[in-house]
Structure formats: structure tokens, C-alpha cells
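Engineer:
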Amino acid sequence: MSLLASLGALELGLIYSLVALGVFISFRILRFPDLTVDGTFATGGAVAALMISQGYEPFMVSLCAALAGAVAGSITGWLNTKLGIMDLLASILMMTALYSINLRIMSGPNIPLIFDETVFTSTVPAAISDYLWRPILLTLILISVLLLLNLYFSTRSGLAMRATGANLRMARSQGVATDRSIIGGMALSNAMVALAGALFAQSQGGSDISMGIGTIVIGLAAVILGQSVIHARRFLFVLLSVIFGAIVYRFFIAFALNSDVIGLKAQDLNLVTALLVTIALILPKLKKLLLKK
């Protein structure tokens, strides 16, 4: 695999690390099976592409995209907690609604950003080439998000959210506003995913209505793979394991599709994804069997 392909895999791995962190919050912390992320990833890209094409500042645009994702996630949580709709069904309803909303935002199926200024082109130093600067900038963004998440989940509100996911009845009996924790957690989770969508659209040169398809599978694969390889107890290291899983996942995909020996092509992406998720799921069981033997 060439250096350019490796840097491209790293770039996508860093972007999808934000997706993995969002999926980790919903699936692992809140125990909420959330399919909204397939919609909010595209929403982040749609909002970012629309605002950038109208001349807005790219970093402000990315924050607005994250806010749009937070609104969508909070609606999913509201449907579940206030209207009593089953969590999985509530997320499917929101994901379905977001498809039409995203088309409305973009006034069509896509918005190109070929000649527009993005977070990458507006900040690249003169001494560093573009393809080297992108992973550096994404790493800085990811470190900032990681530290903020670790700080938040150490606060009273963050601990209440973790308690809600660990044991809803116990948390409620201890006076935790569980409905508020679920809505807030869903908002935070989808804000991360929408931010990833905004960065993805700026990285790939445009937003497309189908860009969110399969996002939930990628996020779950990263979470499962990272936690299967790295067993951590401290919350910061748990978050780092999720990021590690996302980066390793993208490198596996890049290696499989760029290997002449295996003979896979771009149309085999979903097949490779399914195989990787399957391996990640059975890996803990294989470890247990090997330890017993």
C-alpha cells in the first residue's frame, strides 16, 4: 500500500473516530440502539456543504453541523422518553425523516465543494503539503474532542448519564433525571456523528444524500474492534480504544481494497465491512476459548 493510500486511510480513520465515539455514547454508555446516525452523518455533511457554498467560515460551519446533529439526536431521545416509542423504532423514524430533511437542506441529491474553502484548505501551512496537513489537523481536532468528552463524563451530569445507561431503575431511584440524561446523551452522540459528516464532506469535496448509508455499521465495527483488542477500565483509555478501532478498521479496508493478492475491488467494500464486523464480534469468544485451553 502506497504512502498516499496510507495517509488517505488515516484521514478517514480519524474522521470515523468521531462517528465511533458517537456510537460508543449511544450503544455502550446509554445502551440505546441508535440508527439515527445514518441520517445525522449526512445531515452534518449537508449543512456544512450548504453553508460553505454560501461563503460561511468553515470552522463555524462545522460547529453548526454538529448542532444540527444534536437537534436530531435529541428528537430521537424525546420520542423515546416522552412519547414512549421503543428506542430502536424511534431512531428508525428519525433516520427516515432525516432523508427528506437532508434533501430539503441541499435542494437536491448533492452539493459539490471542489473550489470552496474548507477547514483543510483555509488552515494549511505553506511548508506542509495538503495530504500531510489533513491528518495533522484531524488529529488536533480529535484530541480536543477526546479531552472534552473525558472532562464531561467526569462531571456530575456525565456520571448521571453513565449511571442511566448502567442501570436505569437504580439511577431513577437515586434522583437522576434519566429522561434528561437520555435526551442529552443522544444529542451529544449525534452531534459527534454530524461533526464527522461535516469534516467528511469537506475532505471528499462535497456532500451527497447517500453518504450516511452504513455509518452505523462502521461505528459499531470500530467500537467492537477497538474494545476487543484493548481492554481498558479508565474512561480515557476506553475512548482511546474506540479511536484505535476506527483507525485500524480503515486501514484494514484500505489494505484489502489495495491488495492485488486478495483481488478485491471498490464494489467489495460492503463485503469487507461485513467480514470485519463478524471477525470483531467473534474475537472475544475466540479469546475465551484460547484462554480455557
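Under the working numbering, think of the first position of the sequence shown as 4, with each following residue one higher. Ideal Cβ placement from N, Cα and C applies to all residues, glycine included.
(1) On the CB-based measure, 16 or more other CB atoms within 10 Å of its CB, does Q177 come out buried or exposed?
(2) Between which two residues does the beta strand (DSSP E) containing G209 stretch?
(3) In angstroms with no decimal places, state the Cα-to-Cα distance between S132 and S125.
(4) Are T79 and S103 touching if we call contact CB-CB under 7 Å?
(5) For the beta strand (DSSP E) containing N113, list its first residue and its last residue.
(6) With a threshold of 6 Å on Cβ separation, who are the neighbours of A194 within its own chain once the five nearest residues in sequence on each side are excluded?
(7) Would DSSP call I104 helix, strand or coil?
(8) Within a Cβ cutoff of 8 Å, which residues of the same chain sit near V26, ignoring the five residues on either side of it in sequence?
(9) Considering only residues of the same chain and omitting the five flanking positions on each side of T142, which have a CB-CB separation below 8 Å?
(10) Hey, which unbroken runs of the alpha helix (DSSP H) at 4 residues or more fall wholly within the region 120-183?
(11) R253 lies in the alpha helix (DSSP H); which residues open and close that run?
(12) Return the residue from the list Y252, N153 and L260 that minimises the CA-CA distance to T281.
(13) When you compare the CB positions of F238 and F156, do they come within less than 7 Å of one another, or not?
(14) Which residue marks the beginning of the alpha helix (DSSP H) containing G25, and which one marks its end?
(15) Quick one: measure Cβ to Cβ for A49 and M109, integer angstroms, because I've assumed they're closer than 8 Å.
(16) Going by beta carbon distance, what residues of the same chain come within less than 6 Å of S20, once the five residues before and after it are set aside?
(17) In the DSSP assignment, the alpha helix (DSSP H) including L294 goes from what residue to what residue?
(18) Helix, strand or coil for F203, going by three-state DSSP, please let me know.
(19) In the structure shown, what three-state DSSP assignment does F118 receive?
(20) Answer with buried or exposed for E14, where buried requires no fewer than 16 other C-beta atoms within 10 angstroms of its C-beta.
(21) Give every residue of the same chain whose Cβ lies closer than 7 Å to the Cβ of L242, excluding the five residues on either side of it in the sequence, and list them in chain order.
Structural biologist: Concretely, from the data shown:
(1) exposed
(2) G209 to D211
(3) 13 Å
(4) no
(5) N113 to P115
(6) A69, G72 and A73
(7) helix
(8) D37, V40, S192, V196, I219, G222, L223, A225 and V226
(9) L17
(10) 133-155, 159-169 and 171-176
(11) F238 to N261
(12) Y252
(13) yes
(14) L6 to V26
(15) 5 Å
(16) L145, I246 and A249
(17) L272 to K295
(18) helix
(19) coil
(20) buried
(21) L24, L149, L152 and N153
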